[in-house]
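Student: Here's a structure for you.
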Amino acid sequence: MTAAPIRLINLGAVPALHSQALYHGLAAVHSDASPDTVVLAVSSETYVCFGLHQDVRDVDLEFCAARGLPVFRRDTGGGAVYIDHRQLLVQWVMSPRSLPAYVDRRFALFVSTLVTTYRQLGIPAELRPINDVQVRGRKISGTGAARIGGAEVMVGNFLCDFDPALMAQILRARSPEFRAQVAASLRRYMSSARRELGRSVAPEEFAAAYPLHCARLLGRDVVHGRLAPFELTAVEHAAHRLSSAEFLTRPSPARLPGVKIHADVHVLEAVHGDGRDAIRVTARNRGGILEAVMVDSRHDSAGLEQALRGVQFGEQPVRSAVARHFSNRPSTLPPAAWADAILALPDPNEPYKR
25 MTAAPIRLIN
35 LGAVPALHSQ
45 ALYHGLAAVH
55 SDASPDTVVL
65 AVSSETYVCF
75 GLHQDVRDVD
85 LEFCAARGLP
95 VFRRDTGGGA
105 VYIDHRQLLV
115 QWVMSPRSLP
125 AYVDRRFALF
135 VSTLVTTYRQ
145 LGIPAELRPI
155 NDVQVRGRKI
165 SGTGAARIGG
175 AEVMVGNFLC
185 DFDPALMAQI
195 LRARSPEFRA
205 QVAASLRRYM
215 SSARRELGRS
225 VAPEEFAAAY
235 PLHCARLLGR
245 DVVHGRLAPF
255 ELTAVEHAAH
265 RLSSAEFLTR
275 PSPARLPGVK
285 IHADVHVLEA
295 VHGDGRDAIR
305 VTARNRGGIL
315 EAVMVDSRHD
325 SAGLEQALRG
335 VQFGEQPVRS
345 AVARHFSNRP
355 STLPPAAWAD
365 AILALPDPNE
375 PYKR
């Protein structure tokens, strides 16, 4: 390995805010003279963090306040997550020249270091393009990226354990049905090292294995280092900005609908109609297929939810399925009204305004 070594900053347990401020601060003062850096850290406190393009209104602030959970925003993308001591945070702060130019290849490189580390521990993880880490169809790591200052930032984690009930609670629910579907989807489509191995896994196990895979896959030595005084100052400045009310409450220009469970799975909701005739539809969309549907209306849907399972989400398939269902069943609403309500569900890949 002839290229300059990568600096490894293995901090162990750090305060919640600093677990996010670290990479923000390092990136803000990154220059051509800065070493490419990998940070490993564990938050000593449980907190909630949401992405740059998400809105604070997507977080249940009342629940978080009642549970004493701090809420921060980050400069990388993605949705709201909770972070606690059962996760090892992985943060790359590197020169753009050190990483592939195309984002899909950049993610593939970053994710490969997570995947091979999981596999060393006996977990058959794999990349689900462009940036999911999955095990048998279940997500086991979250990743994100951003250009911050003069650096390219890649972030991810190793999930030692995961609490789907808490994750569902930190999100602002549009209805009890929506929260219930989010919780059910998280249980089905999220995993952790504990779930896969049937035993407790400490973050230190991942921290010990990870640098070796970084060195091999990046083709560079990885050496332990420490933060310079000016970098520590930059981290403190970043902590101040990330915890400011102005940054936390800044509106997002393009919010995504519903809750993304992983690359293929979204929980969505829509209300069609007004007053007593309103129909609320909650659904889980997996790769364009309605995998689960809940309909809330004063009108009898006559088991429509079951009839829609497995139906492709689109104008013709939905209208055909609804028409078939009501062809020999009475309804106080015309089939077209039920179909309109289902089709009011947002496209999970399209930003929307609320």
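Each residue of the sequence shown is one higher than the last, beginning at 25 in my numbering.
We put the beta carbon where it would ideally sit given N, CA and C, even for glycine.
Please read all numbers here as calculations on a predicted model, not as lab measurements.
#1: Kindly confirm or deny that the stretch 320-327 and the stretch 355-371 touch, where touching means at least three C-beta pairs closer than 8 Å.
#2: Can you give me the Cβ contacts of A233 inside the same chain, cut-off strictly under 8 Å, excluding the 5 residues immediately before and after it?
#3: First and last residue of the alpha helix (DSSP H) that includes C184?
#4: Report the rounded CA-to-CA distance for I172 versus V62, giving the unit in angstroms.
#5: Beta strand (DSSP E) containing Q158: first to last residue?
#6: Are the beta-carbon atoms belonging to T137 and L46 less than 7 Å from one another?
#7: Would you kindly work out how many angstroms separate the C-alpha atoms of G420 and E339, rounded to a whole number?
#8: Smallest Cα separation from V305: which of A361, R98 and S344?
#9: From the DSSP secondary-structure annotation, give me the bridge partner or partners of T306.
#10: What is the C-beta distance between D79 and P281, in whole angstroms, given that I count them as a contact (C-beta under 8 Å)?
#11: Are the stretch 217-230 and the stretch 126-133 touching, with three or more C-beta to C-beta distances below 8 Å?
#12: In this structure, what does DSSP give as the bridge partners for F74?
#13: Is it right to say S268 is buried, meaning 16 or more other beta carbons lie within 10 angstroms of its own, or is it exposed?
#14: Spell out a yes or no on whether the stretch 170-184 and the stretch 116-131 are touching, meaning 3 or more CB-CB pairs, one atom from each, closer than 8 Å.
#15: Helix, strand or coil for I147 per DSSP?
#16: Report the rounded CA-to-CA distance for L93 versus I313, giving the unit in angstroms.
#17: Rank Q44, E86, G49 and A307 by C-alpha distance to the C-alpha of P253 and give the top, closest one.
#18: Measuring CB to CB, does L183 end up less than 7 Å from S216?
#19: Would V342 and A316 be called neighbours here (beta carbons separated by less than 7 Å)?
#20: Which residue wins for smallest C-alpha separation from V179, given the options A294, V225, S224 and G75?
#21: Can you tell me the Cβ-Cβ gap for Y126 and L190, rounded? I've got them flagged as a contact below 8 Å.
#22: Are the CB atoms of V295 and A302 nearer to each other than 7 Å?
#23: Excluding the 5 residues preceding and the 5 following G311 in the sequence, name in chain order all residues of the same chain whose CB lies nearer than 6 Å to its CB.
#24: In angstroms with no decimal places, state the Cα-to-Cα distance between S224 and R129.
#25: What whole-angstrom Cβ distance do P359 and A368 have, given they're in contact under 8 Å?
#26: Cα separation between I30 and D60?
#27: For G103, is the classification buried or exposed, using 16 other Cβ atoms within 10 angstroms of its Cβ as the cut-off for buried?
#28: Consult DSSP for V225 and reduce its assignment to one of helix, strand or coil.
#29: For M25, which residues from the same chain have a beta carbon less than 7 Å from its beta carbon, with the 5 sequence-adjacent residues on both sides left out?
#30: Give me the Cα-Cα distance between S55 and A263, rounded to the nearest whole angstrom.
#31: In three-state DSSP terms, what is T141?
Tutor: Put simply:
#1: yes
#2: T141, Q144 and L145.
#3: Here C184 belongs to no alpha helix (DSSP H), and DSSP marks it neither H nor E.
#4: 15 Å
#5: D156 to V159
#6: Result no, Cβ atoms of T137 and L46 do not sit closer than 7 Å.
#7: An answer regarding residue 420 cannot be provided, because it is not within the stretch 25 to 378 covered by the chain.
#8: Ranking A361, R98 and S344 by Cα distance to V305 puts A361 first.
#9: E293 and M318
#10: In fact, because the Cβ distance is near 12 Å, the residues do not count as touching under 8 Å.
#11: The answer is no - the stretch 126-133 does not touch the stretch 217-230, with fewer than three Cβ pairs under 8 Å.
#12: R97
#13: Exposed, because fewer than 16 other Cβ atoms sit within 10 Å of the Cβ of S268.
#14: yes
#15: coil
#16: 35 Å
#17: G49
#18: Going by C-beta atoms, L183 is nearer than 7 Å to S216.
#19: no
#20: G75
#21: Taking the Cβ atoms as the reference, Y126 lies roughly 36 Å from L190, outside the contact range of under 8 Å.
#22: yes
#23: D288
#24: If you take the alpha carbons of S224 and R129, they lie about 33 Å apart.
#25: About 15 Å; that fails the 8 Å criterion.
#26: 5 Å
#27: buried
#28: Note: V225 maps to coil in three-state DSSP.
#29: Confidence at M25 is low in this model, with a pLDDT of 46, below 50, so its placement is unreliable and the value that follows should be read with caution. Cβ within range, chain order: G243, R244 and D245.
#30: 20 Å
#31: helix
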